[in-house]
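Respectively, the protein sequence lines represent chains G and L. Read in order, the letters of the first sequence correspond to residues 1 to 191 in the UniProt record's numbering. Read in order, the letters of the second sequence correspond to residues 1 to 191 in the UniProt record's numbering.
There are 2 protein chains.
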Amino acid sequence: MSLQHALLGVLEARPMSGYDLVQFFDSSTGWIWAAPQSQIYPTLRRMERAGLISGDDEPRGPKLTRTVYSVTPQGRTELEQWLSTPHDPAPPRDPFLVQALNFDEIDVEKAHAVLEQFIAEQEKSADEAEAHRDRLLAKDTMLLKERLTRRDPADHDRIARLKAHVFAGVAAVARTRAEWAREGQRLLTED
Amino acid sequence: MSLQHALLGVLEARPMSGYDLVQFFDSSTGWIWAAPQSQIYPTLRRMERAGLISGDDEPRGPKLTRTVYSVTPQGRTELEQWLSTPHDPAPPRDPFLVQALNFDEIDVEKAHAVLEQFIAEQEKSADEAEAHRDRLLAKDTMLLKERLTRRDPADHDRIARLKAHVFAGVAAVARTRAEWAREGQRLLTED
DNA sequence: TTCTCCATGTAAGAAGTTACATGATTGC
DNA sequence: GCAATCATGTAACTTCTTACATGGAGAA
């Protein structure tokens with residue numbers, strides 16, 4: 001269900017083609033929700049059949065067309081309803097924690113190396129999230145700019161801060177994980 | 001794949017029946033990896049066919065039997081190999097972040113309420129993880145005790161600390177998320 | 001003309017969810 | 001005798017992954 005709501009949230013900012021959305025879910029929002037191309041196209045058609053979005057065929061050259069989807073009033077209602085409801089937390093399913101829980105079964109050096117790579121990944125992810133947070137605060141991303149054209153200018157700063165805060169959270173969690181992993185490396189080698 | 005490795009990790013501590021594992025993945029390890037009964041039984045049979053575990057039928061009363069699975073040498077090798085290899089990070093897929101990213105689309109009070117429930121969940125999850133961390137440090141869980149019977153007593157403290165550290169990490173992340181959500185509540189209402 | 005990007009699909013399979021179903025055994 | 005627990009399954013469905021497949025348009 002969440003992919004559908006993620007798509008609605010993005011299309012609410014700007015109507016887009018499937019191709020645009022594929023790019024988007026590989027990059028920016030990729031830090032929040034990842035989805036491959038083979039999942040996005042069928043989902044868009046299902047959402048259109050369900051009346052949540054409607055597709056508009058634009059000509060691109062003499063033969064090619066692209067289908068630009070926008071959120072219908074019904075889709076808008078569904079999105080607002082979903083956003084306003086607390087949902088059960090997703091069941092925990094982090095392969096890395098399964099790995100860490102069994103580090104006592106392997107050599108200290110090997111566990112140390114696995115943690116090293118994990119730390120690098122988390123730091124990189126935190127850096128990227130913070131960079132994106134700053135771009136949002138500066139209202140310097142395409143999607144935010146387009147979203148703001150439809151909102152009261154008095155709200156622009158508040159909206160930018162809210163979006164930025166989500167990426168600040170992603171970064172904070174990644175830093176916490178990295179620090180935890182460093183502590184784990186110390187535990188592996190001590191005494 | 002990860003469910004299989006999670007199962008191997010648990011069975012390495014103690015051979016268990018499918019029923020035991022169902023209980024286990026609903027509770028303790030539920031904070032690390034959750035799996036329903038309908039997934040566990042077929043997975044065990046697939047793993048047995050693959051030679052990773054072997055099932056031993058124990059009689060329970062005159063008619064009933066339970067199948068106790070234990071890790072084969074091949075399963076042990078596979079587990080060690082997987083544990084020693086760094087893996088690509090799991091694609092981000094957190095429905096709550098999708099929700100938070102669109103809080104500007106709904107009423108402040110509604111977003112505030114959703115955050116309130118999120119904070120309560122995270123604090124609860126942090127409390128539970130910390131309680132489990134303490135039980136592990138005190139070597140006071142069934143599974144850890146049984147695991148330690150097969151390990152050099154000189155390593156017992158180190159092993160307990162390593163396991164406990166994983167749950168300390170789960171708790172730290174949950175606290176970070178809760179603090180982030182409180183900051184989000186302040187952002188919603190300010191100015 | 002060839003390469004990159006635009007644009008959209010399909011198919012097979014693994015993983016996960018929800019719900020239903022059955023029977024034995026133990027303890028009160 | 002009855003309830004709770006032990007023990008194991010199946011079926012239908014959604015979601016996600018991996019890989020293959022096709023062709024137009026624009027630029028060098």
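Ideal Cβ placement from N, Cα and C applies to all residues, glycine included. Please read these numbers as outputs of a predicted model, since none were measured by experiment.
Starting from residue i and walking both ways along the alpha helix (DSSP H), at which residues does that stretch end?
{"i": "residue 106 of chain L", "result": "Careful: residue 106 of chain L lies outside any alpha helix (DSSP H) and carries neither H nor E."}
From residue i to residue j, what distance separates their C-alpha atoms?
{"i": "residue 25 of chain L", "j": "residue 81 of chain G", "result": "32 angstroms"}
{"i": "residue 99 of chain L", "j": "residue 151 of chain G", "result": "19 angstroms"}
{"i": "residue 76 of chain G", "j": "residue 13 of chain L", "result": "51 angstroms"}
{"i": "residue 74 of chain G", "j": "residue 32 of chain L", "result": "38 angstroms"}
{"i": "residue 123 of chain G", "j": "residue 101 of chain G", "result": "21 angstroms"}
{"i": "residue 173 of chain L", "j": "residue 173 of chain G", "result": "6 angstroms"}
{"i": "residue 34 of chain G", "j": "residue 72 of chain L", "result": "36 angstroms"}
{"i": "residue 90 of chain L", "j": "residue 63 of chain L", "result": "44 angstroms"}
{"i": "residue 84 of chain L", "j": "residue 6 of chain L", "result": "14 angstroms"}
{"i": "residue 113 of chain G", "j": "residue 86 of chain L", "result": "8 angstroms"}
{"i": "residue 88 of chain G", "j": "residue 142 of chain G", "result": "32 angstroms"}
{"i": "residue 8 of chain L", "j": "residue 153 of chain G", "result": "56 angstroms"}
{"i": "residue 93 of chain L", "j": "residue 4 of chain G", "result": "13 angstroms"}
{"i": "residue 49 of chain G", "j": "residue 36 of chain G", "result": "21 angstroms"}
{"i": "residue 46 of chain G", "j": "residue 96 of chain L", "result": "23 angstroms"}
{"i": "residue 78 of chain G", "j": "residue 165 of chain L", "result": "41 angstroms"}
{"i": "residue 158 of chain L", "j": "residue 105 of chain G", "result": "12 angstroms"}
{"i": "residue 261 of chain G", "j": "residue 146 of chain L", "result": "Outside the shown range of chain G, which is 1 to 191, sits residue 261 of chain G, and nothing can be said about it."}
{"i": "residue 169 of chain G", "j": "residue 38 of chain L", "result": "35 angstroms"}
{"i": "residue 44 of chain L", "j": "residue 43 of chain G", "result": "32 angstroms"}
{"i": "residue 27 of chain L", "j": "residue 27 of chain G", "result": "36 angstroms"}
Taking residue i as part of the beta strand (DSSP E), name the residues at either end of that continuous run.
{"i": "residue 58 of chain L", "result": "53 to 60"}
{"i": "residue 72 of chain G", "result": "Looking at the DSSP string, residue 72 of chain G is not in any beta strand (DSSP E), and its letter there is neither H nor E."}
Excluding the 5 residues preceding and the 5 following residue i in the sequence, name in chain order all residues of the same chain whose CB lies nearer than 6 angstroms to its CB.
{"i": "residue 111 of chain L", "result": "103 and 188"}
{"i": "residue 181 of chain G", "result": "115, 118 and 119"}
{"i": "residue 132 of chain L", "result": "167"}
{"i": "residue 66 of chain G", "result": "17, 58 and 60"}
{"i": "residue 184 of chain L", "result": "115"}
{"i": "residue 178 of chain L", "result": "119, 122 and 123"}
{"i": "residue 156 of chain L", "result": "148"}
{"i": "residue 68 of chain L", "result": "15, 17, 56 and 58"}
{"i": "residue 186 of chain G", "result": "none"}
Enumerate in chain order the residues of its own chain whose CB-to-CB distance from residue i is below 8 angstroms, with the five nearest sequence positions on each side excluded.
{"i": "residue 176 of chain L", "result": "none"}
{"i": "residue 108 of chain L", "result": "188 and 189"}
{"i": "residue 70 of chain G", "result": "11, 15, 53, 54 and 56"}
{"i": "residue 2 of chain G", "result": "33"}
Consult DSSP for residue i and reduce its assignment to one of helix, strand or coil.
{"i": "residue 65 of chain G", "result": "strand"}
{"i": "residue 47 of chain G", "result": "helix"}
{"i": "residue 93 of chain G", "result": "strand"}
{"i": "residue 17 of chain G", "result": "strand"}
Give me, in chain order, the residues of the same chain whose beta-carbon lies closer than 7 angstroms to that of residue i; leave out the 5 immediate sequence neighbours on both sides.
{"i": "residue 163 of chain L", "result": "136 and 144"}
{"i": "residue 171 of chain G", "result": "126, 129, 130 and 133"}
{"i": "residue 40 of chain L", "result": "18, 21, 22 and 25"}
{"i": "residue 160 of chain L", "result": "136, 137, 139 and 144"}
Given 7 angstroms as the limit, tell me if residue i has its C-beta closer than that to any heavy atom belonging to the ligand SAH.
{"i": "residue 80 of chain G", "result": "Among the components of this structure there are no ligands whatsoever, and the ligand SAH is therefore not found."}
Could you tell me which uninterrupted alpha helix (DSSP H) segments, each at least 4 residues in length, are contained entirely in the stretch 116 to 158 of chain L, listed from first to last along the chain? 142 to 148
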